[in-house]
Structure formats: structure tokens, C-alpha cells
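Residue numbers (the numbering used here): 2 to 130.
Heads up, the beta-carbon is just placed ideally off N, CA and C, and yes, glycines get one too.
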């Protein structure tokens with residue numbers, strides 16, 4: 002069965018929750034955006050499973066407080082309990098009352114699974130421009 006509009010909205014809500022969590026340092030919420038065996042790959046390093054994901058998020062937030070993840074051009078495809086998503090990323094650095102500065106642009110390539118009625122990232126890969 003093709004994805005419903007509700008599925009697409011739930012996946013976009015997951016994306017927003019992910020961004021807010023990593024930017025605010027909410028490590029537990031960020032890791033919970035992934036399946037228990039989920040994997041995140043960035044800069045050639047892959048973090049797999051909740052513990053490694055939490056370690057990645059804590060390290061990222063300590064290095065990048067004031068980060069802002071912005072996504073656009075979101076494309077979601079799939080059916081049933083599986084989906085893929087790709088979107089563009091702009092990562093900005095904010096703080097100290099200064100104008101935001103662009104850190105990088107990239108794209109995300111994602112696989113998602115519905116687990117216990119909720120969409121989660123099974124894998125998320127950052128592909129730098």
C-alpha cells in the first residue's frame with residue numbers, strides 16, 4: 002500500500018524533531034529518532050545503535066552549540082512500513098548576537114521504517130556537497 006498523507010506528515014514531523022533535538026542538545030530525543038539498530042553516517046564515520054548515536058550527538062553538540070539544521074526539497078517515497086527520503090541540508094552556526102554563518106551544505110539519504118506505529122530512521126547518511 003502506498004504511503005498515505007498521514008505517513009508523509011509523520012515523516013516530516015520526525016525530520017523536524019530530529020533537527021530540534023540535535024540543535025538543542027537533546028541527545029535522548031535525537032537518538033530516539035532512529036530504530037534501535039539505526040545507523041547515522043557522516044564524514045566517513047558510522048554510528049550504529051542507540052549508545053553510539055547518543056555518543057555522536059553529545060560530541061556534535063559540544064563542538065557545535067548554536068547549530069541550526071535547515072532542510073528543504075524533501076522527497077519521500079515508499080509503501081507499507083518502509084520509506085526512503087532525500088533532502089537538502091544547510092547547517093548554520095548561530096550565537097553571540099552575530100549573524101548566522103553557513104557551515105556546510107549537503108544532502109541526506111535516508112531509509113525509514115515504521116516501528117510500533119512510529120516512523121524512525123533506519124539509516125541516515127550525510128552526503129557533503
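Query: Quick check on DSSP: helix, strand or coil for residue 26?; Result: coil
Query: Looking at the strands, I want to know which residues DSSP matches up with residue 120.; Result: 115
Query: Report the rounded CA-to-CA distance for residue 111 versus residue 87, giving the unit in angstroms.; Result: 6 Å
Query: Return yes when the Cβ of residue 62 is within less than 8 Å of the Cβ of residue 92, no when it is not.; Result: no
Query: Quick check: the stretch 4-19 against the stretch 77-86, are there 3 or more CB pairs under 8 Å?; Result: yes
Query: Taking Cβ to Cβ, would you say residue 129 is nearer than 8 Å to residue 107?; Result: yes
Query: Would you mind working out which of 37, 121, 82 sits nearest residue 2, comparing C-alpha positions?; Result: 82
Query: Please state the DSSP three-state secondary structure of residue 20.; Result: helix
Query: So who's on the other strand from residue 83, going by DSSP bridges?; Result: 80, 114
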